[in-house]
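If you count by my numbering, then the sequence shown holds residues -12 to 268, one letter each, in order. The structure appears right after this line, and notes come after that.
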Amino acid sequence: MWADERRIINSQLADILAKAKDTYKELDKEGEVTIVALAKEMNTEVVFPSFMGFAKERAQMIYDNGGWRNWRKYCGIINKLDAFRKKRRMADITVADLTVELLNRFDNFLLKWENERELGKLLHPNTIEVQFNILRTLVHRAIEVGIMEASKNSFLVFKYKVKTIKEKLDDSEMERIINLELEEGSLIWHCKNYFLFSYYCAGIRAADLIQLRCGNVAASGRLHYQMGKNHKERDLLLVEQAVEILRHYHREDAKATDYIFPLLSNDAEYAGYVTKPIKIE
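Here it is in structure tokens:
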């Protein structure tokens, strides 16, 4: 990956070198080729590396390395930056353009961006915070590879932080869900099981629950799996309520690699790749 990033830097340096050669040729025609004259002409329009170009190359590298989820996130911020650039009639956004003032203007721009998931609404402040987190990551990466000076990092001054308020169900609300009588086998019945199993397993994320395999449950009554978000290993003792839910989905002919819940197909091509391989003992 570092080799690809060096290629980006070399490409941008090649553009600067090409400009220097063109400037030299122009001065040579006028018979005024001197180091002082060349430096003066080059300084009249300093060529800064393109941050937009760097961001697009970085997104492509992430895609090529199989990071499709992150690639989509990067594409989202790139599209918004591009729309912002066009609205302000900027030919490009270079590393020198990423000032505190520009970030503030970009913030105001995002506040008016239509929410694609909820038509008629604008972006939620939490979503805008995510956009700035990705942008800050790109800036840090640009500094790491040397196309931007650390002292020019506007995020040292610019801060965007939203106080997230998470609503939680109280004990009485949970009791109502637990005691809810539903037709066995119905969609809502299954959804209740998935929700409660997550609840009994310390809030296992939906993406991890969907991908649980039979082999993730040990004979000792423990659930062992690797979290998809941060790849941390989790090992939990299953409470009786969770075990009872699993009994509804138990199959005598099930293999260790089969999914526990009927949400993904065991026969699909993705079944062999989307989760960490199960060690069959």
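All C-beta atoms in this analysis are idealised placements derived from N, C-alpha and C, irrespective of residue type, glycine included.
- The region 189 to 216 contains, as complete alpha helix (DSSP H) runs of 4+ residues, the segments 193 to 197 (chain order).
- The region 76 to 93 makes no contact with the region 55 to 65, as fewer than three CB pairs between them are under 8 angstroms.
- Counting other Cβ atoms within 10 Å of its Cβ, Ala42 reaches 16 or more and is therefore classed as buried.
- In terms of CA proximity to Asp79, Phe38 leads the group Phe38, Gln118 and Val204.
- The DSSP assignment places complete alpha helix (DSSP H) segments of no fewer than 4 residues inside the region 105 to 175 at 112 to 131 and 158 to 165, in order along the chain.
- Partner residues in the beta bridge of Arg221, as assigned by DSSP, are Tyr212.
- In this structure, the straight-line span from the alpha carbon of Leu251 to that of Lys74 is close to 43 angstroms.
- When the Cα atoms are used, Ile3 and Asn91 turn out to be separated by approximately 29 angstroms.
- As DSSP reads the structure, Thr81 sits in a beta bridge with Ser37.
- Minimum Cα-Cα distance from Leu98 among the listed residues Leu106, Arg104, Glu105 and Leu110 corresponds to Leu110.
- Between the C-alpha atoms of Asn102 and Asn57 there is a straight-line separation of about 19 angstroms.
- Residues of the same chain with a CB within less than 6 angstroms of the CB of Ile115, apart from the 5 flanking positions on each side, are Leu97 in chain order.
- Of all C-beta pairs linking the region 239 to 247 to the region 197 to 211, three or more are shorter than 8 angstroms, placing the two stretches in contact.
- Non-local beta-carbon contacts of Leu122 in its own chain, meaning distances under 7 angstroms to residues more than five positions away in sequence, involve Ile64 in chain order.
- Between the beta-carbon of Arg163 and that of Arg45 there is about 48 angstroms, and that puts the pair past the 8 angstroms contact cut.
- Val204 and Glu160 have their C-alpha atoms some 29 angstroms from each other.
- As DSSP reads the structure, Tyr246 sits in a beta bridge with Arg200.
- The three-state reading of DSSP puts Glu103 in coil, since its state is none of H, G, I, E or B.
- Across the structure, Val230 and Asn180 are spaced so that their CA atoms are roughly 11 angstroms apart.
- With a contact defined as Cβ atoms closer than 8 angstroms, Tyr187 and Gln228 qualify at about 5 angstroms.
- Counted as a single uninterrupted DSSP element, the alpha helix (DSSP H) harbouring Val230 occupies residues Glu227 to Arg234.
- Residues of the same chain with a CB within less than 7 angstroms of the CB of Leu125, apart from the 5 flanking positions on each side, are Ala42 and Arg45 in chain order.
- Asn120 and Leu167 have their alpha carbons spaced roughly 41 angstroms apart.
- Looking at His177, Ile130 and Asn217, the one whose alpha-carbon comes closest to that of Pro249 is His177.
- Closest in alpha carbon position to Met135, among Pro36, Lys146, Phe71 and Ser(-2), is Pro36.
- Within its own chain, the residues whose Cβ lies closer than 6 angstroms to the Cβ of Phe145, once the five positions on either side in sequence are excluded, are Val87 and Leu90, listed in chain order.
- For Phe184, same chain residues with a beta-carbon under 6 angstroms away, outside a window of 5 residues either side, are Ala229 and Ile232 in chain order.
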